[in-house]
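Colleague: Chain order of the listed sequences is H and E. For the working numbering, count along the first sequence from 1 and bump the result up by 59. For the working numbering, count along the second sequence from 1 and bump the result up by 12.
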Amino acid sequence: KNQVEQSPQSLIILEGKNCTLQCNYTVSPFSNLRWYKQDTGRGPVSLTIMTFSENTKSNGRYTATLDADTKQSSLHITASQLSDSASYICVVSDKKASGTYKYIFGTGTRLKVLA
Amino acid sequence: NAGVTQTPKFQVLKTGQSMTLQCAQDMNHEYMSWYRQDPGMGLRLIHYSVGAGITDQGEVPNGYNVSRSTTEDFPLRLLSAAPSQTSVYFCASSYSRGGAATLYEQYFGPGTRLTVT
């Protein structure tokens, strides 16, 4: 069964510190992996999209890594800010034989950054 | 561009009532979809559309209908609301190529929080 699992479920850090969020998946065949940021009461916003051949992709203070062999991804946040407080969702896309795609969403990691 | 807009933002229904959640996008995206988000679960796909006049079922389509008469609009209809449909509903859109959403970004609307009593 295609699944996306994220850890930890929640995380509290102090402003200015770094943190790393994990995503493990069992989706096959793999097409791409996305990280989204979802502020409370808002829709998810895309941070990065990575294909099979990409190992690292950055978006400002956010850096995503992908190991397609072990089916693991991480999202590293550098020098955290209060505005980073949000849920971070890992989404893996497979590619069906029909050519269409399906997105499998993780349950997210809830990050709280304290002053 | 307004992006993806959804109305209403909040809605309370009684069991058995019907209603339509509205979704519109002004980015000329072919691919549009509806998700529901429940506590402790990832977003789940309800229905999607790869273009005007074309819709298909997602993971959890029961109790919902959709239509796509224009590129811009993709309404979601609840036929007879049930407490199990209490959730936050998100509409999303993206470019597509060949009828499939590929590596393009998905843009999500702000969501509609629905409570069925």
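No residue lacks a Cβ here, since even glycine has one placed at the ideal position from N, Cα and C. As the structure is a prediction and not an experimental result, all values here were calculated from the model.
With DSSP as the reference, label residue 111(E) as helix, strand or coil.
Modeller: One-based indexing of the second sequence puts residue 111(E) at position 99. In this predicted model, residue 111(E) has a pLDDT of only 49, less than 50, meaning its place in the structure is not dependable; the value taken from the coordinates is given anyway. Residue 111(E): coil per DSSP, three-state reduction.
Colleague: Apart from the five residues just before and just after residue 69(E), which ones in its own chain have a Cβ nearer than 7 Å to its Cβ?
Modeller: Reading the second sequence from its first residue, position 57 is the one you call residue 69(E). Cβ neighbours of residue 69(E) beyond the five flanking positions: 59.
Colleague: Consider the Cβ of residue 117(E): report whether some Cβ of chain H lies at a distance smaller than 8 Å.
Modeller: For the purposes of this step, residue 117(E) is taken as residue 105 along the second sequence, with counting starting at 1. So yes, residue 117(E) belongs to the interface.
Colleague: Three-state secondary structure (DSSP) at residue 141(H)?
Modeller: By one-based count along the first sequence, residue 141(H) stands at place 82. It is helical.
Colleague: If I measure Cβ to Cβ from residue 17(E) and keep anything under 7 Å in the same chain, skipping five residues before and after, which residues do I get?
Modeller: Working through the second sequence from its first residue, we reach residue 17(E) at position 5. Excluding residues within five positions, the ones whose Cβ falls inside 7 Å are 36 and 121.
Colleague: From the DSSP output, read off the bridge partner residues of residue 160(H).
Modeller: Numbered from its first residue, the first sequence carries residue 160(H) at position 101. Per DSSP, 154(H).
Colleague: Terminal residues of the continuous beta strand (DSSP E) containing residue 170(H)?
Modeller: In the first sequence, the residue the question calls residue 170(H) occupies position 111. Here the beta strand (DSSP E) through residue 170(H) covers 168–173.
Colleague: Can you tell me which of the three DSSP states residue 131(H) falls into?
Modeller: Here residue 131(H) corresponds to residue number 72 of the first sequence, with the count starting at 1. The answer is strand: DSSP assigns residue 131(H) an E or B state.
Colleague: Short check: CB of residue 62(H) to CB of residue 81(H), under 8 Å?
Modeller: Position 3 of the first sequence, counted from the start, is the residue given in the question as residue 62(H). Position 22 of the first sequence, counted from the start, is the residue given in the question as residue 81(H). It is not a contact, given that the beta carbons lie outside the stated cut-off.
Colleague: How would you list, in chain order, the residues of chain E whose beta-carbon sits under 7 Å from the beta-carbon of residue 165(H)?
Modeller: Looking up residue 165(H) in the first sequence gives position 106. Chain E residues near residue 165(H): 54.
Colleague: Compare the beta carbon distance of residue 101(H) and residue 150(H) with 8 Å and say whether it is the shorter of the two.
Modeller: In the first sequence, the residue the question calls residue 101(H) occupies position 42. In the first sequence, the residue the question calls residue 150(H) occupies position 91. Cβ atoms of residue 101(H) and residue 150(H): not closer than 8 Å.
Colleague: Return the first residue and the last residue of the beta strand (DSSP E) that residue 86(E) is part of.
Modeller: In the second sequence, residue 86(E) corresponds to position 74, counting from 1. Segment: none, residue 86(E) is in no beta strand (DSSP E) and carries neither H nor E.
Colleague: Using a Cβ-Cβ cut-off of 8 Å, state whether residue 102(E) counts as contacting chain H.
Modeller: Here residue 102(E) is taken as the residue at index 90 of the second sequence, counted from 1. Interface residue, yes.
Colleague: Suppose you measure from the CA of residue 21(E) to the CA of residue 130(H); what does that come to, to the nearest Å?
Modeller: The residue you call residue 21(E) lines up with position 9 of the second sequence. The residue you call residue 130(H) lines up with position 71 of the first sequence. If you take the alpha carbons of residue 21(E) and residue 130(H), they lie about 37 Å apart.
Colleague: In terms of alpha-carbon separation, which member of 55(E), 72(E), 44(E) and 74(E) lies closest to residue 81(E)?
Modeller: What you label residue 81(E) is simply residue 69 of the second sequence in a count that begins at 1. The shortest Cα separation from residue 81(E) among 55(E), 72(E), 44(E) and 74(E) belongs to 44(E).
Colleague: Give the secondary structure of residue 112(H) by DSSP, where H, G and I count as helix, E and B as strand, and everything else as coil.
Modeller: Looking up residue 112(H) in the first sequence gives position 53. Correct three-state label for residue 112(H): coil.
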